[in-house]
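Shown next, in structure tokens, is the structure this report addresses.
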Amino acid sequence: MTDYNTMFEDTRLTAYLILLKYYVIPRTRLRALISRILGKQEPTLQHMLANATIRWLSSKLSIHQFRALSSGQCNAIALLQNCPTLLEEKATAETIVGDGYRGHYLAKYPNPTHIIFYVYGGGFVSGSPGSVMPYLLQLSVELQARGLKTDMFVAEYDLAPEYPYPGALRQVVSAYRYIASRNLPIILAGDSAGGNLCLGLLRHLIKPHPSILPIVQTQGETGSIAATCLNSPWVNLQNNGESYRQNANQDCLDKGALDRWRKAYLDGKPLDEYVSPVDCLNGWKEILPKSTLFIAGDLELFVADIQKLAQSVLKLSLPTSGYDNLEMHVEPKKGHVWSLVDFGSTQPGLPAARGGQEEDNVYSGIHLQADWIADKCRV
Numbered sequence: 001m002t003d004y005n006t007m008f009e010d011t012r013l014t015a016y017l018i019l020l021k022y023y024v025i026p027r028t029r030l031r032a033l034i035s036r037i038l039g040k041q042e043p044t045l046q047h048m049l050a051n052a053t054i055r056w057l058s059s060k061l062s063i064h065q066f067r068a069l070s071s072g073q074c075n076a077i078a079l080l081q082n083c084p085t086l087l088e089e090k091a092t093a094e095t096i097v098g099d100g101y102r103g104h105y106l107a108k109y110p111n112p113t114h115i116i117f118y119v120y121g122g123g124f125v126s127g128s129p130g131s132v133m134p135y136l137l138q139l140s141v142e143l144q145a146r147g148l149k150t151d152m153f154v155a156e157y158d159l160a161p162e163y164p165y166p167g168a169l170r171q172v173v174s175a176y177r178y179i180a181s182r183n184l185p186i187i188l189a190g191d192s193a194g195g196n197l198c199l200g201l202l203r204h205l206i207k208p209h210p211s212i213l214p215i216v217q218t219q220g221e222t223g224s225i226a227a228t229c230l231n232s233p234w235v236n237l238q239n240n241g242e243s244y245r246q247n248a249n250q251d252c253l254d255k256g257a258l259d260r261w262r263k264a265y266l267d268g269k270p271l272d273e274y275v276s277p278v279d280c281l282n283g284w285k286e287i288l289p290k291s292t293l294f295i296a297g298d299l300e301l302f303v304a305d306i307q308k309l310a311q312s313v314l315k316l317s318l319p320t321s322g323y324d325n326l327e328m329h330v331e332p333k334k335g336h337v338w339s340l341v342d343f344g345s346t347q348p349g350l351p352a353a354r355g356g357q358e359e360d361n362v363y364s365g366i367h368l369q370a371d372w373i374a375d376k377c378r379v
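Quick note, the sequence shown lines up with residues 1 to 379 if you use full-length UniProt numbering.
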């Protein structure tokens, strides 16, 4: 029976890939052409093709098939050789394995001023460090050009359904415990499900998860989170935000796929404050660091939920509280994790010049993040 199931799954995968090539992509190109003729304001063709491809595959394939196709593999040491400005500063790349965690330094300086602790996305069921390595190395290049020597560390975690909640959060907490022991200011960053894990980590630091060991700084340890930059964080696992309907045919995300991924991740457990932060109206003053940036695209499914969370946080921004640390950036005509989509398969290298039309520049999202991080963390 297993052989027949495998044969069926392989046949179905082949069929969906054929339909993608000969139906989904041509239809998307036609839609883009018609929109251009009619003068409609649409995303770039690159975005439309990327979003349609991911939406089609995630909605049709099984979790394991989608994981196999979407989890990128990269060699950080080889990528670093393309970044001469980092090599001039003697930056190195290495993999770290410790007690309950794995992680990768994409760029590690002899004398860093900060550390970026990055958690990648993938719906908790897919994704890998390799899928974000080129983007993050270019971000390291841009930060170095702005005078910030920032170690770039990517925390790795096991995926659902094999490792359900709170397994990934536990591994992220363990990796953070190691990073905090280095006694440098930390910039916490992540995208999509990784952004969710970042918010779970922040809450755990103030109110420990009942199933995860708390982090207690020993005497002499000074490492702490100075800023948080989250790209399209998945903040509402009920998947019922206002933008789900209006952006259903625009974004790379698919509600049916998100519902399946949530089910695989939770494994029957109820939603709680660590996994669905949009439902939490209290505690943000203590939880968030002094500088926080949420980034979203106005065509993504998550945008209304991210804005709702931002509004909940900003309700605490009364003059008497002195709490005004959250900034929100919504990019027009862009979808989920638009800065990663913009960057695409570009390889890291030298600092990038700003384009004349920044919204169509593959580096626009990286410039946005690098400018913000440098502004908040420059010493």
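Every residue gets a Cβ at the ideal spot worked out from N, C-alpha and C, and that includes glycine. Because the structure is a prediction, the values reported are computed rather than measured.
If you measure between the beta carbons of residue i and residue j, is that distance less than 8 Å?
i              : j              : result
valine 119     : valine 173     : no
isoleucine 116 : threonine 85   : no
leucine 159    : serine 126     : yes
alanine 226    : isoleucine 287 : no
glutamate 89   : tyrosine 105   : no
isoleucine 366 : serine 339     : yes
isoleucine 212 : arginine 262   : no
proline 348    : valine 141     : yes
alanine 91     : leucine 80     : yes
lysine 269     : tyrosine 165   : yes
leucine 326    : threonine 292  : yes
histidine 46   : leucine 13     : Checking the displayed sequence, the identity of residue 46 turns out to be glutamine instead of histidine. Not closer than 8 Å, so no.
tyrosine 363   : alanine 352    : yes
Hey, quick one: how far does the alpha helix (DSSP H) through residue i stretch, first residue to last?
i                : result
phenylalanine 66 : 63-70
glycine 167      : 167-180
glycine 194      : 193-206
threonine 85     : 84-88
residue 444      : The shown model of the chain, from 1 to 379, leaves out residue 444, and the question about it has no answer.
isoleucine 77    : 76-80
leucine 258      : 255-266
serine 364       : 364-377
aspartate 342    : 338-343
glutamate 286    : 284-287
valine 303       : 303-314
serine 243       : 243-246
Name the DSSP bridge partner or partners of residue i?
i                 : result
leucine 293       : Cys229 and Glu327
glycine 190       : Val119 and Leu230
valine 97         : Arg102
phenylalanine 153 : Tyr105 and Phe117
threonine 14      : According to DSSP, threonine 14 bridges with nothing at all.
serine 140        : DSSP, once it has assigned bridges, lists no residue as partnering serine 140.
serine 224        : Pro185
threonine 92      : Lys108
Give the range of the beta strand (DSSP E) segment to which residue i is assigned.
i                 : result
cysteine 108      : In the sequence as displayed, the identity of residue 108 is lysine instead of cysteine. Here the beta strand (DSSP E) through lysine 108 covers 101-108.
phenylalanine 124 : Element bounds for phenylalanine 124: n/a, residue is neither H nor E.
threonine 28      : Element bounds for threonine 28: not the beta strand (DSSP E) but the alpha helix (DSSP H), 25-38.
I think residue i touches residue j, with their Cβ atoms under 8 Å apart; what is that distance to the nearest whole Å?
i              : j            : result
tryptophan 372 : cysteine 280 : Actually they are not in contact, since the Cβ atoms of tryptophan 372 and cysteine 280 sit about 24 Å apart, beyond 8 Å.
tyrosine 16    : leucine 61   : 6 Å
glutamine 369  : leucine 139  : 6 Å
alanine 175    : glycine 103  : 5 Å
Spell out whether any CB of chain C is found under 8 Å from the CB atom of residue i.
i          : result
alanine 32 : Considering every chain present, this structure includes no chain C. It has just one protein chain.
Stretch pair the region 128-143 + the region 153-164: three plus CB contacts closer than 8 Å: yes
Three CB pairs or more closer than 8 Å across the region 294-302 and the region 230-237: yes
Meets three-Cβ-pair contact criterion under 8 Å: the region 249-263 and the region 195-210: no
Segment contact, 8 Å Cβ cut-off, at least three pairs: the region 41-54 with the region 4-13: no
The region 240-254 touching the region 52-66, judged by at least three CB pairs closer than 8 Å: yes
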